[in-house]
Amino acid sequence: MSSSDSRRGVRKRTHDRAFSSRSTTVDSLPSSCNGQKPPSSVHFKSKSMSTSLKRIQKELTDIMSDPPPNCSAFPRGDNLYEWVSTLLGPQGSVYEGGIFFLDIHFSMEYPFKPPKVIFKTRIYHCNINSQGVICLDILKNNWSPALTISKVLLSICSLLTDCNPADPLVGSIASQYMHNRSEHDRIARLWTQKYANSATYPSTGHSHGMNVDSESSRRESRMTLSPTPRSSDSGHSGFASSNKDEILAEVPCTESSSASACTSIGARSDGGESVDEVLEDDTPVPSAETNIAHSFTPA
Numbered sequence: 107m108s109s110s111d112s113r114r115g116v117r118k119r120t121h122d123r124a125f126s127s128r129s130t131t132v133d134s135l136p137s138s139c140n141g142q143k144p145p146s147s148v149h150f151k152s153k154s155m156s157t158s159l160k161r162i163q164k165e166l167t168d169i170m171s172d173p174p175p176n177c178s179a180f181p182r183g184d185n186l187y188e189w190v191s192t193l194l195g196p197q198g199s200v201y202e203g204g205i206f207f208l209d210i211h212f213s214m215e216y217p218f219k220p221p222k223v224i225f226k227t228r229i230y231h232c233n234i235n236s237q238g239v240i241c242l243d244i245l246k247n248n249w250s251p252a253l254t255i256s257k258v259l260l261s262i263c264s265l266l267t268d269c270n271p272a273d274p275l276v277g278s279i280a281s282q283y284m285h286n287r288s289e290h291d292r293i294a295r296l297w298t299q300k301y302a303n304s305a306t307y308p309s310t311g312h313s314h315g316m317n318v319d320s321e322s323s324r325r326e327s328r329m330t331l332s333p334t335p336r337s338s339d340s341g342h343s344g345f346a347s348s349n350k351d352e353i354l355a356e357v358p359c360t361e362s363s364s365a366s367a368c369t370s371i372g373a374r375s376d377g378g379e380s381v382d383e384v385l386e387d388d389t390p391v392p393s394a395e396t397n398i399a400h401s402f403t404p405a
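Mapped onto my numbering, the consecutive letters of the sequence shown carry residue numbers 107 to 405.
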């Protein structure tokens, strides 16, 4: 064999070794990484979560330092995407004197998508159905990233003061509101006294159930409520005008999404839900298991 043939053979074997090494390196990589970039959805999901968490953390700081009047909100356990809120019935309304619990669920697309807010305390209102779903424009098509959960809670309080019978979730209650206002108000006050008289978070499930969870499944969470001051000569019973009224509310610490047990925001309950059916209820009055640090003094 000539020297030139030997050189060609060596060069060929060297080339084969290099190719074999490179093939082994490529084959050793995970199948999902063989020359491919990670899916863009993974990066987008991580970025969305980071954006939503930062926004939620900021809103939590704001609402804890400067809560809206008659409102309180805080995360459920360690999950910043699941909150519990409490509203005091607006003074002068048929819901005055009531304590209403709400569940708030933030998605990873927040604040570009609205939160889901569900009433857990039963309420007689034409814009809130039996599942606690709220008909409010800013929770649907009129949502803007500039809105905050504090503004949402204030809007819900306004809805309790002035309902919108032109866009009802429960058509029968809306009709009664427009044609028999005195009877509507009587029933609404009755429901407030019956179902919204406890500072204990309602049991899991829809807002009809008011049985209290066992002690082992609850935790005590302190919520600061700031009732709007009122004059002492007011003829309405309600909460005393104090700088800070604190309620100890017992809230179950669960990690299940509040939205899973609820219908969509756009769902309606006009079909088949009449006033008579709404009034036919054998749900027992909730027990007076109420822990109030500073009692509310009626006028």
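Ideal placement from N, C-alpha and C gives every residue a C-beta, glycine not left out.
N-terminal and C-terminal residue of the beta strand (DSSP E) that Arg182 is part of:
Cys177 to Arg182 is the extent of the beta strand (DSSP E) around Arg182.
Contact set for Ile279: own chain, Cβ-Cβ below 6 Å, skip 5 residues either direction
Contacts found: Cys232.
Assess, as a yes-or-no matter, whether the segment 180-187 is touched by the segment 269-284 under the definition of 3 or more beta carbon pairs within less than 8 Å.
No: the two stretches stay apart, fewer than three of their Cβ pairs being nearer than 8 Å.
Check whether the Cβ atoms of Ser304 and Ile205 lie closer than 8 Å to each other.
Yes, the pair counts as a contact, with Cβ atoms nearer than the cut-off.
In the DSSP assignment, what are the bridge partners of Ser191?
In the DSSP output, where bridge partners are listed per residue, Ser191 has Ala179 and Leu208.
For Val258, name the three-state secondary structure that DSSP assigns.
DSSP, reduced to helix, strand and coil, places Val258 within a helical segment of the structure shown.
Would Leu194 pass as a contact of Gln163 if the rule is Cβ separation under 8 Å?
Cβ distance not < 8 Å, so Leu194 and Gln163 don't count as in contact.
Three-way DSSP call (helix, strand, coil) for Leu296 in this model
In the structure shown, Leu296 sits in a helix (DSSP, three-state: H, G or I).
What residues match up with Phe225 in a beta bridge as DSSP calls it?
Answer is Leu208.
From the DSSP output, in three-state form, read off Leu186 for me.
The answer is strand: DSSP assigns Leu186 an E or B state.
What's the C-alpha gap between Phe218 and Thr157?
So the alpha carbons of these two residues sit roughly 10 Å apart.
Give me, in chain order, the residues of the same chain whose beta-carbon lies closer than 6 Å to that of Ile234; leave out the 5 immediate sequence neighbours on both sides.
Here the set comprises Phe225 and Ile240.
With a threshold of 16 other CB atoms inside 10 Å of the CB of Pro251, please say whether the residue is buried or exposed.
Looking at its Cβ environment, which holds fewer than 16 other Cβ atoms inside 10 Å, Pro251 is exposed.
Considering only C-alpha positions, which residue in the set His211, Ala272 and Thr227 is nearest to Pro220?
In this structure, His211 is the residue among His211, Ala272 and Thr227 with its C-alpha nearest to the C-alpha of Pro220.
Tell me the DSSP bridge mates of Ile234?
Ile234 is bridged to His231 and Ile240.
Indicate whether at least one CB of chain B lies closer than 8 Å to the CB of Ala280.
Of the chains in the structure shown, none is chain B; there is only one protein chain.
Excluding sequence positions up to five away, which residues of its chain have a Cβ less than 6 Å from the Cβ of Leu260?
Counting only Cβ-Cβ distances below 6 Å, and skipping sequence neighbours, we find Pro174.
Compute the Euclidean distance between the alpha carbons of Thr192 and Arg161, then round it to the nearest angstrom.
Looking at the two C-alpha atoms, the distance is approximately 21 Å.
Would you mind sorting Thr227 into buried or exposed? The rule is 16 or more other CB atoms within 10 Å of its CB.
So Thr227 counts as buried.
Is the distance from the Cβ of Glu165 to the Cβ of Thr267 below 8 Å?
Against a cut-off of 8 Å, the Cβ pair of Thr267 and Glu165 comes out as no contact.
DSSP three-state label for Lys246, please.
Coil.
Could you give the DSSP three-state label for Ala280: helix, strand or coil?
Three-state DSSP puts Ala280 in a helix.
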